[in-house]
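Numbering-wise, full-length UniProt numbering puts 60 at position 60 of the sequence shown, and it's gapless, one number per residue. Beta carbons: idealized from backbone N, C-alpha and C, even for Gly. Here the structure is a predicted model, which is why all the values come from computation and not from measurement.
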Amino acid sequence: MASALVRPANDRWIGGVCAGLARRFGISANTMRLIFVISCILPGPQFLIYVVLWILMPSER
(Lines of atoms letter the chains of each structure in order from A; the text may use other names.)
(Lines give C-alpha, C1' and ligand atoms only; values in the text may rest on other atoms or scores of the structure.)
Protein backbone atom coordinates (compact mmCIF):
# COMPACT_ATOMS: atom_id res chain seq x y z
CA MET A 1 0.00 0.00 0.00
CA ALA A 2 1.31 3.46 -0.87
CA SER A 3 1.93 5.98 1.87
CA ALA A 4 0.38 9.41 2.26
CA LEU A 5 1.50 12.28 0.05
CA VAL A 6 4.03 14.09 2.27
CA ARG A 7 7.48 15.53 1.76
CA PRO A 8 9.96 13.26 3.60
CA ALA A 9 12.22 14.79 6.22
CA ASN A 10 15.33 12.77 5.36
CA ASP A 11 15.35 12.48 1.53
CA ARG A 12 15.11 16.05 0.32
CA TRP A 13 16.89 17.73 -2.45
CA ILE A 14 15.23 21.02 -3.27
CA GLY A 15 11.82 20.71 -1.66
CA GLY A 16 11.28 17.00 -1.27
CA VAL A 17 8.41 16.95 -3.75
CA CYS A 18 9.92 14.30 -6.04
CA ALA A 19 10.86 12.13 -3.05
CA GLY A 20 7.31 12.44 -1.68
CA LEU A 21 5.75 11.56 -5.02
CA ALA A 22 8.17 8.65 -5.47
CA ARG A 23 7.29 7.28 -2.04
CA ARG A 24 3.57 7.65 -2.80
CA PHE A 25 3.83 5.75 -6.09
CA GLY A 26 6.37 3.19 -4.87
CA ILE A 27 9.32 4.08 -7.11
CA SER A 28 12.84 5.34 -6.49
CA ALA A 29 13.24 9.03 -5.66
CA ASN A 30 16.03 9.31 -8.23
CA THR A 31 13.75 7.83 -10.89
CA MET A 32 11.08 10.42 -10.06
CA ARG A 33 13.68 13.19 -10.23
CA LEU A 34 14.82 11.95 -13.64
CA ILE A 35 11.21 11.85 -14.86
CA PHE A 36 10.72 15.43 -13.66
CA VAL A 37 13.90 16.71 -15.34
CA ILE A 38 13.02 14.99 -18.62
CA SER A 39 9.46 16.34 -18.42
CA CYS A 40 10.84 19.88 -18.13
CA ILE A 41 12.09 19.55 -21.70
CA LEU A 42 8.47 19.21 -22.86
CA PRO A 43 6.14 22.21 -22.96
CA GLY A 44 3.82 22.52 -20.01
CA PRO A 45 3.48 23.79 -16.45
CA GLN A 46 5.78 21.23 -14.77
CA PHE A 47 7.80 23.77 -12.82
CA LEU A 48 4.67 25.59 -11.67
CA ILE A 49 3.12 22.30 -10.54
CA TYR A 50 6.33 21.50 -8.61
CA VAL A 51 6.18 24.85 -6.79
CA VAL A 52 2.49 24.41 -5.98
CA LEU A 53 3.10 20.91 -4.61
CA TRP A 54 6.04 22.24 -2.59
CA ILE A 55 3.67 24.72 -0.96
CA LEU A 56 0.68 22.37 -0.52
CA MET A 57 2.35 19.07 0.46
CA PRO A 58 2.80 18.83 4.21
CA SER A 59 6.21 18.02 5.58
CA GLU A 60 6.72 14.71 7.37
CA ARG A 61 8.13 16.51 10.41
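By how many angstroms is the C-alpha of residue j removed from the C-alpha of residue i?
i	j	result
G15	G26	19 Å
Y50	R61	20 Å
residue 64	L42	Outside the modelled stretch of the chain, which goes from 1 to 61, sits residue 64, for which no answer is possible.
M57	T31	20 Å
S59	V37	22 Å
Spatial neighbours of residue i within its chain, please: C-beta separation below 6 Å, excluding the five flanking residues on both sides.
i	result
D11	A19 and A29
R33	C18
If you run the structure through DSSP and keep just helix, strand and coil, what is residue i?
i	result
S59	strand
R24	helix
residue 70	Absent from the structure is residue 70, since the part of the chain shown begins at 1 and ends at 61.
Of all the options the options, which has the alpha carbon lying nearest to the alpha carbon of residue i?
i	options	result
R23	Q46, G44 and A4	A4
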